[in-house]
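> Okay, here's the structure, questions in a sec.
2 protein chains.
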Amino acid sequence: MASQAVTPQSEDFSKWYNEIVYKADLADQSPVRGCLIIKPYGYELWEAIKSGLDRRFKATGHQNAYFPLFIPESFLKREAEHVEGFSPELAVVTIAGGKELEEPLVVRPTSETIIMDAFKQWIQSYRDLPLLINQWANVVRWELRTRPFLRTTEFLWQEGHTAHATAEEAEAETRQMLDVYADFAINDAAIPVIKGKKSDREKFAGAVHTYTIEAMMKDKKALQSGTSHNLGQNFAKAFGIQYVDENNLPQYVWTTSWGLSTRMIGAIVMTHGDDKGLRLPPKVAPYQVVIVPIYKNDAERTAVMEAVERLSRELLAANVRLTIDKRDSVSPGFKYNDWEMRGVPVRMEVGPKDVEKGTVALARRDIAGRDGKQFVPQDNLAARVLDLLAEVQAGLLQQAADFRDANIHDAASYDEVKQIIEAGGWARVWWAGTGDDEARIKEETGATIRCFPFEQPGGAGRCAITGQPAAQVALLAKAY
Amino acid sequence: MASQAVTPQSEDFSKWYNEIVYKADLADQSPVRGCLIIKPYGYELWEAIKSGLDRRFKATGHQNAYFPLFIPESFLKREAEHVEGFSPELAVVTIAGGKELEEPLVVRPTSETIIMDAFKQWIQSYRDLPLLINQWANVVRWELRTRPFLRTTEFLWQEGHTAHATAEEAEAETRQMLDVYADFAINDAAIPVIKGKKSDREKFAGAVHTYTIEAMMKDKKALQSGTSHNLGQNFAKAFGIQYVDENNLPQYVWTTSWGLSTRMIGAIVMTHGDDKGLRLPPKVAPYQVVIVPIYKNDAERTAVMEAVERLSRELLAANVRLTIDKRDSVSPGFKYNDWEMRGVPVRMEVGPKDVEKGTVALARRDIAGRDGKQFVPQDNLAARVLDLLAEVQAGLLQQAADFRDANIHDAASYDEVKQIIEAGGWARVWWAGTGDDEARIKEETGATIRCFPFEQPGGAGRCAITGQPAAQVALLAKAY
Numbered sequence: 041m042a043s044q045a046v047t048p049q050s051e052d053f054s055k056w057y058n059e060i061v062y063k064a065d066l067a068d069q070s071p072v073r074g075c076l077i078i079k080p081y082g083y084e085l086w087e088a089i090k091s092g093l094d095r096r097f098k099a100t101g102h103q104n105a106y107f108p109l110f111i112p113e114s115f116l117k118r119e120a121e122h123v124e125g126f127s128p129e130l131a132v133v134t135i136a137g138g139k140e141l142e143e144p145l146v147v148r149p150t151s152e153t154i155i156m157d158a159f160k161q162w163i164q165s166y167r168d169l170p171l172l173i174n175q176w177a178n179v180v181r182w183e184l185r186t187r188p189f190l191r192t193t194e195f196l197w198q199e200g201h202t203a204h205a206t207a208e209e210a211e212a213e214t215r216q217m218l219d220v221y222a223d224f225a226i227n228d229a230a231i232p233v234i235k236g237k238k239s240d241r242e243k244f245a246g247a248v249h250t251y252t253i254e255a256m257m258k259d260k261k262a263l264q265s266g267t268s269h270n271l272g273q274n275f276a277k278a279f280g281i282q283y284v285d286e287n288n289l290p291q292y293v294w295t296t297s298w299g300l301s302t303r304m305i306g307a308i309v310m311t312h313g314d315d316k317g318l319r320l321p322p323k324v325a326p327y328q329v330v331i332v333p334i335y336k337n338d339a340e341r342t343a344v345m346e347a348v349e350r351l352s353r354e355l356l357a358a359n360v361r362l363t364i365d366k367r368d369s370v371s372p373g374f375k376y377n378d379w380e381m382r383g384v385p386v387r388m389e390v391g392p393k394d395v396e397k398g399t400v401a402l403a404r405r406d407i408a409g410r411d412g413k414q415f416v417p418q419d420n421l422a423a424r425v426l427d428l429l430a431e432v433q434a435g436l437l438q439q440a441a442d443f444r445d446a447n448i449h450d451a452a453s454y455d456e457v458k459q460i461i462e463a464g465g466w467a468r469v470w471w472a473g474t475g476d477d478e479a480r481i482k483e484e485t486g487a488t489i490r491c492f493p494f495e496q497p498g499g500a501g502r503c504a505i506t507g508q509p510a511a512q513v514a515l516l517a518k519a520y
Numbered sequence: 041m042a043s044q045a046v047t048p049q050s051e052d053f054s055k056w057y058n059e060i061v062y063k064a065d066l067a068d069q070s071p072v073r074g075c076l077i078i079k080p081y082g083y084e085l086w087e088a089i090k091s092g093l094d095r096r097f098k099a100t101g102h103q104n105a106y107f108p109l110f111i112p113e114s115f116l117k118r119e120a121e122h123v124e125g126f127s128p129e130l131a132v133v134t135i136a137g138g139k140e141l142e143e144p145l146v147v148r149p150t151s152e153t154i155i156m157d158a159f160k161q162w163i164q165s166y167r168d169l170p171l172l173i174n175q176w177a178n179v180v181r182w183e184l185r186t187r188p189f190l191r192t193t194e195f196l197w198q199e200g201h202t203a204h205a206t207a208e209e210a211e212a213e214t215r216q217m218l219d220v221y222a223d224f225a226i227n228d229a230a231i232p233v234i235k236g237k238k239s240d241r242e243k244f245a246g247a248v249h250t251y252t253i254e255a256m257m258k259d260k261k262a263l264q265s266g267t268s269h270n271l272g273q274n275f276a277k278a279f280g281i282q283y284v285d286e287n288n289l290p291q292y293v294w295t296t297s298w299g300l301s302t303r304m305i306g307a308i309v310m311t312h313g314d315d316k317g318l319r320l321p322p323k324v325a326p327y328q329v330v331i332v333p334i335y336k337n338d339a340e341r342t343a344v345m346e347a348v349e350r351l352s353r354e355l356l357a358a359n360v361r362l363t364i365d366k367r368d369s370v371s372p373g374f375k376y377n378d379w380e381m382r383g384v385p386v387r388m389e390v391g392p393k394d395v396e397k398g399t400v401a402l403a404r405r406d407i408a409g410r411d412g413k414q415f416v417p418q419d420n421l422a423a424r425v426l427d428l429l430a431e432v433q434a435g436l437l438q439q440a441a442d443f444r445d446a447n448i449h450d451a452a453s454y455d456e457v458k459q460i461i462e463a464g465g466w467a468r469v470w471w472a473g474t475g476d477d478e479a480r481i482k483e484e485t486g487a488t489i490r491c492f493p494f495e496q497p498g499g500a501g502r503c504a505i506t507g508q509p510a511a512q513v514a515l516l517a518k519a520y
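Shown next as structure tokens:
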């Protein structure tokens, strides 16, 4: 844990991000190119993300399973778009047990192919459907440029894979799981994501269409934070997954897949963090409260620690996740900075005067300085702390939503788009362009279509780029 | 889910085991040599094992982290015994991103080397010690002969890695974590493991010594179910991990590692299973209770399902994990067999007469037939079920302990050892032999020293093999 100064966001956001990741003790660099070591504090954050998602997956009828890390090379080649999308990024095992393998094994970049092969065995009749599986796993994509959590060679994620009897059910599942992601992002991670559909150019390799949750980072860049794919019958046909329907006729299934990864950690850092460090939403914070005891001598220490232990027991009984910073080698001020860097939502200070008066000081991380600090009675402390944590949770979401809304601008022409993108915002435009138009915009401005948001203005307009009549708006932005 | 007949244990235990793994829906074969697909029912069992262990790791001050899947080949070579032990089993990535790698990357068979490299960066002073890390991960060992859960090319496990200031602390940690494993095995998995020390011949590659928990399977073979290694300063010296002590002098740290894997699923199957299928200890069972509604017509169905829903709500409120088998396509008898195959500890039957009389039937899986079945009032059902689950948990442990104790025999001579091993038991002998003696015994009888149990008779004896004075007893058995 270190509390050195950090490059301000306004000076160099990218540098700020890298410094925070390491200084807040989320991760460390590894000797393997593009691979990160997730340190305990970062891993606890991931565990909170996992448990928030896993609970929602199970509540919507999904079951976890585990499939092999290795995929025979021939499997990947069965779905043409899929192999084209992933083959440049593959890590390949060619030697095992001291011998060259007859067929090389690919380290999974995603598991559609090996899971579809299993689905083919498991699905015979309509009674076997829907089949709703999720896997928590590591995957490997050999990326040229990597950034901590946002794009790493190996990363941790979950990948859902489901099979359905009808196109409608598969589409409903694809939408449902995007809703699950959005619900988690908004209510747990306090990230006001925008739900929408990807353009054909940006969809998953092998999908009919891809839905996404897009988040605005504090540098106004977009971060794709979770995706849900309707795979139609593409994989069913490539792998021959058929079921016998109620009329005893063979039918191909309809499949979906959906994934969310450790990239979410990066989203949390870049949505909420400030120049003092992380600001973690209470629902996912490893510690919701840090207690800093303050004393100058042994007599004070005894009195203060007695109160600290008593109050911490009350908070633990109310399921508040907390830590007590008992270090004697550093000052209270150092501790404040240290825990601000780590983004603990609420700091509780207990000194000799608090013991005398039966109070404590509570400082919230989402509001800096005196405005965020209050002195409260020790009576009924757990209820007060729970209320305050809910306020911090809501406060972080509100700040992020305000920031997002202030930085999305309507644009009626390509010139306006260019101005908005250059100034670092998102442009909302009526869109009737082609994939080539997208490619040109990307080349000229660095922006891509993040999504066609589900929330549409209605009616029709004129495409900002082509001038053609347009039935929907798109969000354009630079992205990670 | 299938309920076909199973090969009896007495006829062919090995065949019985393989059939149960697949018929109880724990796992499926995969197209990748030696790799298993862990199906939802098996994965839920693994999740229960994980959570039972993770809770204990955190209670003893350990933190989870995550390190890269890939290890540079040169890292493995730094500890001489370690590389010698693992190199025949490695899977190696030689191509990534379409290019041949300059240095091949090994898919981790275990993570000592890459974690020690990180420890070197993280440890500077005595204040950084002890460092107590655990990782939940997949590992790969290219095994020649594989068996579901017991020995697979890829498997899931946890690996603890710790560093300490003194030899005493490292030894205490090594023992503590073995105690944690034994506590989990005995109290959660109902497996009466024996704690002991491995012989030098059987210790971990790179360890000073290895402790083990050994379990007796129902075919009387031993299964090493978890190991804890005192690594001394072997890895500290190989990786240059030094700290500055309180006198400002550089010292090498002392390290430990300890692991338990999905092999534990195999241990549960082979400790408790019978010819009808699995018998799962309630503490780790995905479902503790299955409710089978019984009715012949719609009127009965309505009355029965009302009671079932009401009672299931009561049980869920008491945190009982349950499922209701609502299938209309199969008979109650089929359902009984089906859930016996899956080893659900308690079956609850609710029929029209039960509704009338305000009763239910409870059948426990650990006691077959009428002896295990009772009719109880619906009043206060949750408390009754919780009591019964505790009885089943204790019953399974007692049965396994009785079986184990009945099959460990003292042997005073090599002839007696041979007889005991041939009859399929474990031989307990005074031991003063050498590694060569061990090798000869293995060749001649198939048995190995499973451990020198911590629980020793005291005093001294005469080695059953060499006739020399001996200070300790060893347990000899055939093993998986």
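Line by line, the protein sequences are chains A and B. Sequential numbering of the first sequence, starting at 41, is according to this note's numbering. Sequential numbering of the second sequence, starting at 41, is according to this note's numbering. Built from N, CA and C at the ideal position, the CB exists for glycine as well.
Which of the residues in the stretch 439-457 of chain B, read from start to end, lie with their CB under 8 Å from any CB of chain A?
Listed by position along the chain: nothing, the set is empty.
> Residues in its own chain within less than 6 Å of V132 of chain B by CB, not counting five upstream and five downstream?
Same-chain partners within the cutoff: P144, V146.
> Using C-beta distances below 6 Å, list every residue in its chain close to G266 of chain B, excluding the 5 sequence neighbours before and after it, in chain order.
The answer, listed in chain order, is Y221, I253, L300.
> Can you list the residues of chain A that N135 of chain B reaches, using a CB-CB cut of under 7 Å?
With the sequence shown as reference, residue 135 of chain B is identified as Ile, and Asn is not the correct amino acid for it. Residues of chain A passing the Cβ test: V132, T134.
> Classify E243 of chain A as helix, strand or coil using the three-state DSSP reduction.
It is Lys, not Glu, that sits at residue 243 of chain A in the sequence shown. Looking at K243 of chain A - three-state DSSP - the assignment turns out to be coil, as it is neither helix nor strand.
> How is A379 of chain B classed by DSSP in three states: helix, strand or coil?
Note on identity: in this sequence residue 379 of chain B is Trp, with Ala being the wrong assignment. Helix.
> In terms of residue numbering, what span does the alpha helix (DSSP H) encompassing D168 of chain B cover?
Per DSSP, D168 of chain B belongs to no alpha helix (DSSP H) and is neither H nor E.
> From what residue to what residue does the beta strand (DSSP E) around R387 of chain A run?
Residues 386-390.
> So who's on the other strand from W294 of chain A, going by DSSP bridges?
DSSP lists A:H204 as partners of W294 of chain A.
> Starting from G67 of chain B, follow its DSSP beta bridges and name the residues at the other end.
Looking at the sequence shown, residue 67 of chain B is not Gly but Ala. B:I78.
> Rounded to the nearest angstrom, how far is the Cβ of L351 of chain A from that of L421 of chain A, given a contact under 8 Å?
Yes, L351 of chain A and L421 of chain A are in contact; Cβ-Cβ is about 6 Å, under 8 Å.
> Compile a chain-ordered list of the residues in the stretch 60-86 of chain B whose CB is closer than 7 Å to at least one CB of chain A.
Residues passing the 7 Å Cβ filter: D68, S70, P71, V72, C75, I77, I78, K79, P80, Y83.
> Tell me the DSSP secondary structure of M217 of chain B in three-state form.
Looking at M217 of chain B - three-state DSSP - the assignment turns out to be helix.
> Can you name the residues of chain B whose CB is closer than 9 Å to the CB of V180 of chain A?
Those are L109, F110, V133, A136, listed as they occur along chain B.
> Given that a residue counts as buried once 16 or more other Cβ atoms are within 10 Å of its Cβ, and exposed if not, what is P290 of chain B?
The residue is exposed, with fewer than 16 neighbouring Cβ atoms inside 10 Å.
> Nearest-angstrom Cα distance between G101 of chain B and P170 of chain B?
Cα to Cα, the separation comes out at about 10 Å.
> Taking only beta carbons into account, state which residues of the stretch 377-396 of chain A come closer than 7 Å to chain B, listed in chain order.
From the stretch 377-396 of chain A, no residue has a Cβ closer than 7 Å to chain B.
> May I have a chain-ordered list of the beta strand (DSSP E) segments no shorter than 3 residues that lie completely inside the stretch 79-140 of chain B?
Those beta strand (DSSP E) runs which fall completely within the stretch 79-140 of chain B and span 3+ residues are 110-112, 131-136.
> Would a check of beta-carbon distances place Q103 of chain A closer than 8 Å to chain B?
Yes - at least one Cβ of chain B is within 8 Å of the one on Q103 of chain A.
> For chain B, find out if any of its Cβ atoms is closer than 8 Å to the Cβ of V147 of chain A; answer yes or no.
So yes, V147 of chain A belongs to the interface.
> Give the interface partners of A325 of chain B over in chain A, defined as CB-CB distance under 8 Å, in chain order.
Those within 8 Å of A325 of chain B in chain A number zero; the least Cβ separation is about 15 Å.
> Classify S43 of chain B: buried if its beta carbon has 16 or more other beta carbons within 10 angstroms, exposed otherwise.
Low confidence applies here, because S43 of chain B scores a pLDDT of 49, under 50, leaving its location unreliable; read the following figure in that light. Label assigned to S43 of chain B: buried.
> Under a Cβ-count criterion, where at least 16 other Cβ atoms within 10 Å of its own Cβ denotes burial, should T311 of chain B be classed as buried or exposed?
T311 of chain B comes out buried.
> If we count Cβ pairs, one from each stretch, closer than 8 Å, do we get three or more for the stretch 103-118 of chain B versus the stretch 70-88 of chain A?
At 8 Å Cβ cutoff, the stretches touch.
> Residues of chain B with CB closer than 9 Å to the CB of D52 of chain A, please, in chain order.
The premise fails here: D52 of chain A is roughly 25 Å from chain B at the closest Cβ pair, so nothing lies under 9 Å.
> In chain A, which residues lie less than 8 Å from A158 of chain B when you measure between Cβ atoms?
Correct list: D68, S70, I77.
> Quick one, which of A:M257, A:L356, A:Q264, A:A446 has its alpha-carbon nearest K238 of chain A's?
The shortest C-alpha separation from K238 of chain A is found at A:Q264.
> Taking C-beta to C-beta, are A278 of chain B and G125 of chain B nearer than 8 Å?
Result no, Cβ atoms of A278 of chain B and G125 of chain B do not sit closer than 8 Å.
> What in chain A is Cβ-close to P128 of chain B, meaning under 7 Å?
Simply G137, G138.
> Could you give the distance in angstroms between the alpha-carbon of D52 of chain B and the alpha-carbon of R502 of chain B?
D52 of chain B and R502 of chain B: Cα-Cα distance of roughly 37 Å.
> What residues in its chain sit with their C-beta under 8 Å from that of M156 of chain A, if we drop five residues either side in the sequence?
Counting only Cβ-Cβ distances below 8 Å, and skipping sequence neighbours, we find H201, F275, A276, A278, F279, I281, T295.
> Would you verify that the beta carbon of S43 of chain B is, or is not, closer than 8 Å to some beta carbon of chain A?
Residue confidence is low: S43 of chain B scores 49 on pLDDT, short of 50, so the model does not pin down where it sits. No coordinate-derived value is stated.
> Compare the C-beta of Y106 of chain A against all C-beta atoms of chain B and say whether one is closer than 8 Å.
So yes, Y106 of chain A belongs to the interface.
> Between L300 of chain B and chain A, is the shortest Cβ-Cβ distance under 8 Å, so that the two count as touching?
Cβ-Cβ to chain A under 8 Å: no for L300 of chain B.
> In whole angstroms, what is the alpha-carbon distance linking I135 of chain A and S453 of chain A?
Going by the C-alpha atoms only, they are around 56 Å apart.
> Per DSSP, what kind of secondary structure is T252 of chain A in: helix, strand or coil?
The answer is strand: DSSP assigns T252 of chain A an E or B state.
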